[in-house]
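**Q** Here numbering that gives the first Met the number 0 is used: the first residue of the sequence shown is 0, the next is one more, and so on.
All C-beta atoms in this analysis are idealised placements derived from N, C-alpha and C, irrespective of residue type, glycine included.
Quick caveat, the model's predicted, so the values are computed rather than measured.
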Amino acid sequence: MSAQAQPVSPLPLFERRPDMGARAMSRVLGNYLRALRESRGCSPATAGSHIRAHASKISRMETAHVSLKARDVEDLLQLYGVADDERAQIADLVRRAAGPDWWQPYGEIVPEWLQALIGLERDAHLVRTYETQFVPGLLQTVSYARAVVRSGHRLAPAEENARRVELRMERQRRMAEPGAPVLWALIDEGALHRPVGGAAVMREQLQYLLDVLRRPGVRLQVASYAASASATPGTAVTYLRFAQGFLPDVVYLEHMTSAVYLDRLDDVDRYRAALDELSALAATPAASRVILEEALLRYQ
């Protein structure tokens, strides 16, 4: 292996963000392991052999698709020539990353494909979301969320659906905490005229969106029918932008029973460009207020 400059350590980041979630921690540590390996000119096969594993395990560790084990990380850090004091600190972080994430008390109603989004969104710098059918989950009222959850889980017990709504409200609460990411929401105009839950529910929901427009940490735009027709990602999108520099941005595309996560730069750039174009064509926050007020009158 050729000796090269060591990548920037993520330890200062963890000092600044002691409350970072386990999912984000795992991804940061995985990215650091990959940067170390590549800086040393070490192949995945060589690294895997050093920990008595296949090259594919190294890839899964570096992309946080498998839990990090302290012994494996220690052996890799030794292979990469990391100093003793940093290895000890990284080992402590690996143990923290293996701990439970905040959402795990709701684990029985969180499908595996949704876990990464819930685990990462609070640690983002910016959350951009575009919804076509509904108001975004992070901006739904309790009554609106109940109606959406009920329509999507018609056969589920009422208690289970109540837990789903509770989880959604907890995600909202965490997104309103100090240090939470900025939320930039694009709502298709059609969602405002879809009477989810009935007129009373929609009145409450639209009034809530009008109140949200006053929040400094939220940017809300309504994408008119014309804007959506000429510039749209083609599906609902959540884009997580991270400021740390140790995490790649992530695009989340949700389907009825699954989801796709994209973090390759080319893929992420395409969706960011699509959201940028749609945002440029959508109503400004001030104009969106007028659209929301007009929609509210329809439910009086």
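Within 10 angstroms of the Cβ of Ser-257, are there 16 or more other Cβ atoms? Answer buried if so, exposed if not.
**A** On the sequence shown, residue 257 is found 258 positions in, with the first residue counted as 1. Label assigned to Ser-257: exposed.
**Q** Looking only at its chain, what residues have a beta carbon closer than 6 Å to the beta carbon of Val-181, apart from the 5 residues adjacent to it on each side?
**A** To locate residue 181, count along the sequence shown from 1; it is residue 182. Contacts found: Leu-125, Gly-216.
**Q** Ignore the nearest five residues each way along the sequence and tell me which others in Ser-1's own chain have a CB closer than 8 Å to its CB.
**A** If you number the sequence shown from 1, residue 1 lands on position 2. No answer about Ser-1 holds up, because its pLDDT of 48 lies below 50 and its placement is not dependable.
**Q** Determine the DSSP secondary structure at Ala-115, reduced to helix, strand or coil.
**A** Residue numbering aside, residue 115 sits at position 116 when the sequence shown is read from its first letter. Helix.
**Q** With DSSP as the reference, label Ile-290 as helix, strand or coil.
**A** Here residue 290 refers to the residue found at position 291 of the sequence shown. Reduced to three states, the DSSP call for Ile-290 is helix.
**Q** Report back the beta-carbon spacing between Arg-311 and Gln-139 to the nearest angstrom; my notes put them in contact at under 8 Å.
**A** Shown here, the chain extends from 0 to 299; a query on residue 311 therefore has no answer.
**Q** Could you name the residues of the same chain whose beta carbon sits closer than 8 Å to that of Leu-291, not counting the 5 residues immediately before and after it, in chain order?
**A** Residue numbering aside, residue 291 sits at position 292 when the sequence shown is read from its first letter. Closer than 8 Å at the Cβ level, and outside the excluded window around Leu-291, lie Leu-191, Leu-205, Leu-208, Leu-209, Leu-212, Val-221.
**Q** Starting from Thr-45, trace the alpha helix (DSSP H) both ways and give me its first and last residue.
**A** Your numbering for residue 45 matches position 46 in the sequence shown. Element bounds for Thr-45: 43-49.
**Q** Classify Arg-94 as buried or exposed, calling it buried when 16 or more other Cβ atoms lie within 10 Å of its own Cβ.
**A** Within the sequence shown, residue 94 is the residue found at index 95, counting from 1. With fewer than 16 other Cβ atoms within 10 Å, it is exposed.
**Q** If you run the structure through DSSP and keep just helix, strand and coil, what is Glu-176?
**A** Counting from 1 along the sequence shown, the entry for residue 176 is found at position 177. Correct three-state label for Glu-176: coil.
**Q** Could you give the residue range of the alpha helix (DSSP H) that holds Ile-186?
**A** Here residue 186 corresponds to residue number 187 of the sequence shown, with the count starting at 1. Segment 181-187 is the beta strand (DSSP E) holding Ile-186; no alpha helix (DSSP H) there.
**Q** Compute the Euclidean distance between the alpha carbons of Ala-273 and Ser-48, then round it to the nearest angstrom.
**A** On the sequence shown, position 274 is the one that residue 273 refers to. On the sequence shown, position 49 is the one that residue 48 refers to. Ala-273 and Ser-48: Cα-Cα distance of roughly 42 Å.
**Q** Hey, Glu-159 and Ile-108: beta-carbon distance below 7 Å or not?
**A** Numbered from 1 along the sequence shown, position 160 holds the residue referred to as residue 159. Numbered from 1 along the sequence shown, position 109 holds the residue referred to as residue 108. Going by C-beta atoms, Glu-159 is nearer than 7 Å to Ile-108.
**Q** How would you call Ala-184, buried or exposed, if buried means at least 16 neighbouring beta carbons within 10 angstroms?
**A** To locate residue 184, count along the sequence shown from 1; it is residue 185. By the 10 Å Cβ count, Ala-184 comes out buried.
**Q** Please return the same chain residues whose Cβ sits closer than 8 Å to the Cβ of Arg-149, not counting the five positions on each side in sequence.
**A** In the sequence shown, counting from the first residue as 1, residue 149 sits at position 150. Counting only Cβ-Cβ distances below 8 Å, and skipping sequence neighbours, we find Asn-160.
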